[in-house]
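A short write-up of the structure that comes next.
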Amino acid sequence: MAGQPVEVDGGIMEGGGQILRVSTALSCLLGLPLRVQNIRAGRSTPGLRPQHLSGLKMIQDLCDGQLEGAEIGSTEIMFTPEKIKGGIHTADTKTAGSRCPVFSLLLLHQNFV
Numbered sequence: 015m016a017g018q019p020v021e022v023d024g025g026i027m028e029g030g031g032q033i034l035r036v037s038t039a040l041s042c043l044l045g046l047p048l049r050v051q052n053i054r055a056g057r058s059t060p061g062l063r064p065q066h067l068s069g070l071k072m073i074q075d076l077c078d079g080q081l082e083g084a085e086i087g088s089t090e091i092m093f094t095p096e097k098i099k100g101g102i103h104t105a106d107t108k109t110a111g112s113r114c115p116v117f118s119l120l121l122l123h124q125n126f127v
């Protein structure tokens with residue numbers, strides 16, 4: 015995908031992971047490049063946690079996208095989606111309590127695959 019990325023401040027509102035999940039899901043659906051900065055700035059441990067990284071990798075796989083800066087503790091990512099594809103996609107969140115947020119990330123794509 016070409017063009018300037020949509021810029022999102024991950025520290026707005028409550029500064030948690032929801033802004034990251036929604037913005038990457040919409041980026042994939044709309045085919046728009048995305049840069050998220052200040053990821054989880056409102057948390058005591060800012061940056062990506064294992065469950066966020068798992069969700070990002072799943073979205074990357076779902077739309078064959080390019081993902082930069084995606085590592086534990088990172089406070090900025092760049093995501094460039096390509097075409098959405100079907101198939102079986104899995105994610106290991108490493109923590110039991112984080113399945114619902116990852117699932118919410120995928121709900122937006124359910125009707126488009």
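Take the position in the sequence shown, starting the count at 1, then add 14; the result is the number in my numbering.
Where a beta carbon is used, it is the ideal one built from N, C-alpha and C, also for glycine.
In terms of Cα proximity to I33, the closest of L62, D75 and G101 is L62. Collapsing the DSSP output to three states places T89 in coil. Sequence-distant Cβ neighbours of Q74 in its own chain, meaning closer than 6 Å and more than five residues away, are L81. Per DSSP, the beta bridge partners of R49 are E21 and M92. In this structure, the beta-carbon distance from P95 to S58 does not fall below 8 Å. Residue burial is scored here from C-beta neighbours: G25 has at least 16 other C-beta atoms within 10 angstroms and is therefore classed as buried. Of the candidates G101, I102 and K97, the residue whose Cα lies closest to the Cα of P47 is K97. Residue environment analysis places M27 among the exposed positions, since fewer than 16 neighbouring C-beta atoms fall within 10 angstroms of its C-beta.
Per DSSP, reduced to three states, the secondary structure at L81 is strand.
About 17 Å separates the beta carbon of G29 from that of R49, a gap too long to meet the 8 Å contact definition. In this structure, the beta-carbon distance from E90 to G79 does not fall below 8 Å.
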